[in-house]
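Undergrad: Take this structure, written in structure tokens, and hold onto it; I'll ask about it next.
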């Protein structure tokens, strides 16, 4: 859905406020998130005000509130998240029937807890506590894996991938990048898979496995072309070109850089100076 379409949907809903009562908590939270992302904070506040006080404090709307404070007031966001995690633990333990059975209420609480742990990890990473962030994301990931949430798991591995890259831990980064590719392939999300393959290709090249990196970039390019994703095509062409240069194949490199430039032109965005410099250098050397 485009920004304009989302804005029009919000306008329609807010002009018929009696219809809001028909939306469940998660739908209202999602709509409030959309309003906030468009700079419509007052509309977001109104939508959230239609949720019960109890749910507002410890439920999904509490999590949405924490997201809004993520950068404005990190400590307040952390306090809200900690309250949600503690509340979900109490409810899960309180629902236990002594037989180890998982109730539908447990499932809902675990999914909320996974989301809260994921957000806590983001706060911890932003505050310079990578070990704590890794633990929070790993706990969130374990919950999502237990319920077969492919996209949630992919997102969790992506977070851990970024953390590993920041710490120059190539081995862990490769492991998480590989899992992201596998999970989004299982979820049949070819658009995400194109970008995930490019990430894996870059890391594989850093590990000096250039032939495998080239295969990953070409697989990424195939998917990017199928989806008409010019941004992903640029990354793949550029990666293929860099690998060609490493092999000493200037002609193939120039062709691939040229294709990256063509994709930039189709997007109607200026090409990076680095790309133009490489094309000029290769052109002059021929």
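In my numbering, the protein residues as written are 795 to 1080. C-beta: ideal position from N, C-alpha, C; glycine also.
Whole angstroms is fine: what's the gap from residue 838's alpha carbon to residue 1008's?
TA: Here residue 838 is taken as the residue at index 44 of the chain shown, counted from 1. Here residue 1008 is taken as the residue at index 214 of the chain shown, counted from 1. In a straight line, the C-alpha of residue 838 is about 46 Å away from that of residue 1008.
Undergrad: Would you report the Cα separation of residue 994 and residue 955, rounded to the nearest angstrom?
TA: To locate residue 994, count along the chain shown from 1; it is residue 200. To locate residue 955, count along the chain shown from 1; it is residue 161. The alpha-carbon atoms of residue 994 and residue 955 are separated by roughly 10 Å.
Undergrad: Just to confirm my understanding: we take residue 964, look at its own chain, exclude 5 residues before and 5 after, and list those with CB closer than 7 Å. What are they?
TA: Working through the chain shown from its first residue, we reach residue 964 at position 170. So the qualifying residues of the chain are 997, 1000 and 1001.
Undergrad: Whose CA, out of 929, 881 and 1047, lies closest to the CA of residue 1031?
TA: As a position in the chain shown, residue 1031 is number 237, starting the count at 1. Its Cα nearest to that of residue 1031, the residue 1047 stands out among 929, 881 and 1047.
Undergrad: Buried or exposed: which applies to residue 1006, given that a residue is buried once 16 or more other Cβ atoms fall within 10 Å of its Cβ?
TA: Stepping through the chain shown from its first residue, residue 1006 is reached at position 212. Counting Cβ neighbours within 10 Å, residue 1006 comes out exposed, since fewer than 16 surround it.
Undergrad: Which residue from 801, 908 and 1015 puts its Cα closest to that of residue 829?
TA: Reading the chain shown from its first residue, position 35 is the one you call residue 829. That would be 801, whose Cα lies nearest to the Cα of residue 829.
Undergrad: On the DSSP letters alone, give me the boundaries of the alpha helix (DSSP H) that residue 981 sits inside.
TA: Residue numbering aside, residue 981 sits at position 187 when the chain shown is read from its first letter. No alpha helix (DSSP H) holds residue 981; DSSP gives it neither H nor E.
Undergrad: Can you grab the Cα-Cα spacing for the pair residue 979 / residue 814, in whole Å?
TA: As a first step, residue 979 is located in the chain shown; it is residue number 185 there, counting from the start. As a first step, residue 814 is located in the chain shown; it is residue number 20 there, counting from the start. Their Cα atoms are separated by approximately 37 Å.
Undergrad: Using only alpha-carbon positions, find the residue among 1069, 1056, 1018 and 1058 that is nearest to residue 1036.
TA: Residue numbering aside, residue 1036 sits at position 242 when the chain shown is read from its first letter. Closest option to residue 1036, Cα to Cα, is 1069.
Undergrad: What is the DSSP secondary structure of residue 968, reduced to helix, strand or coil?
TA: Taking the first residue of the chain shown as position 1, residue 968 is located at position 174. In this structure, residue 968 counts as helix in the three-state DSSP scheme.
Undergrad: Please look up how many angstroms separate the CB atoms of residue 1024 and residue 988, rounded, as I've assumed it's under 8 Å.
TA: What you label residue 1024 is simply residue 230 of the chain shown in a count that begins at 1. What you label residue 988 is simply residue 194 of the chain shown in a count that begins at 1. That pair is no contact at about 11 Å.
Undergrad: Taking the Cβ atom as the reference point for each residue, do residue 934 and residue 918 lie within a distance shorter than 8 Å?
TA: The residue given as residue 934 occupies position 140 in the chain shown. The residue given as residue 918 occupies position 124 in the chain shown. No.
Undergrad: Which value, in whole angstroms, describes the spacing of the CA atoms of residue 832 and residue 946?
TA: As a working mapping, residue 832 is identified with position 38 in the chain shown. As a working mapping, residue 946 is identified with position 152 in the chain shown. Rounded to whole angstroms, residue 832 to residue 946 spans 24 Å at the Cα level.
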